[in-house]
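Enquirer: In the order they appear, the protein sequences are chains A and B.
With the numbering used here applied, the first sequence corresponds to residues 1 to 243, in that order.
With the numbering used here applied, the second sequence corresponds to residues 244 to 488, in that order.
Cβ atoms here follow ideal geometry from the backbone N, Cα and C, with glycine treated the same way.
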Amino acid sequence: MIELINVSKSFDGVEVLKNISTKFETGKVNLVIGSSGHGKSVMMKCMVGLLRPTSGNVMYDSRDFTNLEYSQLREVRQEIGMLFQGTALFDSLTVEQNVEFTLKMFTSMTPAERKDRVNFCLEQVEMQGINDKFPAEISGGMKKRVGIARAIALDIKYLFCDEPNSGLDPVTSRVIDELLKSITKEFNITTIINTHDMKTVFDIGDDVIFIYQGKNEWSGKVKDIHSSNNEMLTNFIKASYFY
Amino acid sequence: MTFFYHFGNYILFLKGMFSKPEKLSVYIDRTITEMNNIGVGSLSIVVIIAVFQGAVTTLQIAYQLISPLIAKPVIGSIVSDSSMLELAPTITCLVLAGKVGSHIASEIGTMRVSEQIDALEVMGINSSGYLALPKIVAGLIMIPMLVIISIFLSNLGGIIAGEASGILTYEEYFQGARESFLPFNLLFSLIKAFTYAFIITSVSAFQGYTTSGGALEVGASSTKAVVYSAVAILFSDYLLAQILL
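1) Does the beta carbon of B/GLN296 sit closer than 7 Å to a beta carbon anywhere in chain A?
2) Among A/GLU96, A/LYS133, A/MET127, whose alpha-carbon lies nearest the alpha-carbon of A/LYS115?
3) What residues match up with B/MET388 in a beta bridge as DSSP calls it?
4) If we ignore side chains and look at the alpha-carbon of each, how far apart do A/GLY214 and B/ILE379 end up?
5) Just the C-alpha distance for A/PRO135 and A/PHE90, rounded to the nearest angstrom, thanks.
6) Pull up the DSSP beta-bridge partners for A/LEU159, would you.
7) In or out: B/GLY409 buried (at least 16 other Cβ within 10 Å) or exposed?
8) Evaluate contact between the region 273-293 of chain B and the region 310-317 of chain B, counting only Cβ atoms and requiring at least three cross-stretch pairs below 8 Å.
9) Look at B/ALA468 and B/GLY319 and say whether their C-beta atoms are less than 7 Å apart.
10) Below 8 Å on the Cβ atoms is my contact criterion, and I expect A/LEU154 with A/LEU103 to pass it. Report the Cβ-Cβ distance as a whole number of Å.
11) Tell me A/PHE210's beta-bridge partners as DSSP assigns them.
12) Leaving out five residues before and five after A/ILE209 in sequence, what residues of the same chain have Cβ atoms less than 7 Å from its Cβ?
13) For A/ASN57, write down the residues that DSSP places opposite it in a beta bridge.
14) Whose C-alpha, out of B/PRO332, B/SER455, B/VAL322, B/LEU425, is nearest the C-alpha of B/ILE351?
15) Would you say B/GLU277 lies against chain A (beta-carbon separation less than 7 Å)?
16) Indicate whether at least one CB of chain B lies closer than 7 Å to the CB of A/GLN72.
17) Which residues of chain A have a Cβ atom closer than 7 Å to the Cβ of B/GLY367, listed in chain order?
18) For A/ALA149, which residues from the same chain have a beta carbon less than 7 Å from its beta carbon, with the 5 sequence-adjacent residues on both sides left out?
19) May I ask you to list, following chain order, the residues of the region 245-270 of chain B that have a beta carbon less than 8 Å from some beta carbon of chain A?
20) I need the boundaries of the alpha helix (DSSP H) containing A/PHE24, first residue and last residue.
21) So that I know if they touch, is there some Cβ in chain B lying closer than 7 Å to that of A/ALA88?
22) Would DSSP call B/ASP480 helix, strand or coil?
23) Counting only Cβ pairs nearer than 9 Å, list the residues of chain B close to A/VAL48.
24) If you draw a straight line from the alpha carbon of B/LEU308 to that of B/SER423, how long is it in whole angstroms?
25) Can you give the Cα-Cα distance for A/SER55 and B/GLY367, rounded to whole angstroms?
26) Run the CB neighbour count on A/LEU159, radius 10 Å, all protein chains shown included, and call it buried at 16 or more, exposed below.
27) Inspect the beta-carbon positions of A/PRO164 and A/LEU50 and report whether they are closer than 7 Å.
28) Would you identify the three-state DSSP class for A/THR87, choosing helix, strand or coil?
29) List, in chain order, every chain B residue whose beta-carbon is nearer than 9 Å to that of A/LYS40.
30) To the nearest angstrom, how far is the alpha carbon of B/LYS342 from that of A/SER36?
31) Do A/THR184 and A/ASP132 have their beta-carbon atoms positioned less than 7 Å apart in this structure?
32) Could you have a look at B/SER496 and say whether DSSP puts it in helix, strand or coil?
33) Evaluate B/TYR481 with the Cβ neighbour count: other Cβ atoms within 10 Å of its Cβ, from every protein chain shown; 16 or more gives buried, anything less gives exposed.
34) Looking only at its own chain, which residues have a Cβ that is under 7 Å from the Cβ of A/GLN85, when we skip the five neighbours before and after it?
35) Please compile the residues from chain B whose C-beta is within a distance smaller than 8 Å of the C-beta of A/PHE134.
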């Protein structure tokens, strides 16, 4: 479980995140929704340690991520997998080398064991047989899947996905959604997805947090969204049906 | 003030590289790859520059010293000393600042703007150490080697030009070069080469690492890497000459 306690983040005096407190449960697909520019990505970057919160704490199963020593921080980070919006695959490495990367860096596996693990991860995302291709040689949807395979290469406990469907066609988007849901359930991990795709929310979401102007405007179960009387949330959902 | 701000960040960047490597064998592999990129990849341009620089220097020295009172071996001694003290280390490294420096800055800069460096950080890898340290170590090993090759080829160019133009024979060239040779000059040349190697690789890596924005900014970082490296090389050239000669 990941817990945010009064997390705020400012840039040059402008407060982008305002006192956010919430919990993301293990074994669930937790969705962070909201319009562009309202702080979703900043919140995710604060959670994975790419940005340091101005105030507040991020707790990973009671470990205070914001105040850990460097070596402890490194340990927690090895439990984190992240799928970036632009996939962030290393373009000088092949698909196999990308997925193998963390295994090579952090485990004492033999080359044969690493190869088995890479093939297992690629199988999970239905991307077998492209081991020797470079990221530039595969499509956007394939890159996303390889990005997921790389994220789960180590035995991760937390999976972060920043706009996993951006730039994908509707069919591929649904495939990625289902993949993220099945991985969450199969490996019992805490998955957090930033999205403004309401189809994703209703298809695979368990819990939802709605960020509006840097604040936790609403949070709850997906099934309760339509019965919410929060005006901002209602407007956001209505708008998403039109676009 | 801006200079001190950037210089402070540069020092912090260098300090950040020296944490314990996640896996030494991976860093060694990367260093060998970078040695190939920096060293072998720059060999052809170094060969061309060194030969022509020695040849042209010989012809110009001969043109300026044309007098029956000056022995011909003097030309050989001036060319070989100039090659060792200034031409081979400084000119070679200025060219390498353009070739190697821009490559390092654009490679790391592209990784920054495409979130690949963020990906390394999220994985728990010290990104500055992983990306920059192997390049700096490879530069410190390979650039002095390139400078030694450049000294040799510069003299070779001088001999070829002397013989081809009939200005001096290779025996006269050797005589001059041998008589004026001081082992300290070679040491001085290597000190310069190590200094410049560190400047080229670290300044360029820093410029790439601190890139923000998109393709335009990657280009700008690449240009800055070359300009700042060249200025730092010339400044340290003067400083080293002042201190050590």
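Expert: With the given structure in hand:
1) no
2) A/GLU96
3) Paired residue(s): none; B/MET388 is not in a bridge.
4) 41 Å
5) 8 Å
6) A/GLY81, A/THR191
7) exposed
8) no
9) no
10) 7 Å
11) A/ILE33, A/TRP218
12) THR22, VAL32, ASN216, SER219
13) A/ILE5
14) B/SER455
15) no
16) no
17) ARG74, ARG77, GLN78
18) VAL99, CYS121, LEU122, GLN124, VAL125, MET127
19) SER262, GLU265, LYS266, VAL269
20) Looking at the DSSP string, A/PHE24 is not in any alpha helix (DSSP H); the run it does join, the beta strand (DSSP E), is 14-24.
21) yes
22) helix
23) ASP361, GLU364, VAL365
24) 17 Å
25) 22 Å
26) buried
27) no
28) strand
29) Within 9 Å Cβ-Cβ: nothing; A/LYS40 doesn't reach chain B, min ~16 Å.
30) 40 Å
31) no
32) This structure cannot speak to residue 496 of chain B, because chain B is shown only from 244 to 488.
33) exposed
34) ASP162, GLU163, SER166
35) By Cβ distance, chain B contributes nothing, its closest Cβ being about 14 Å from A/PHE134, past 8 Å.
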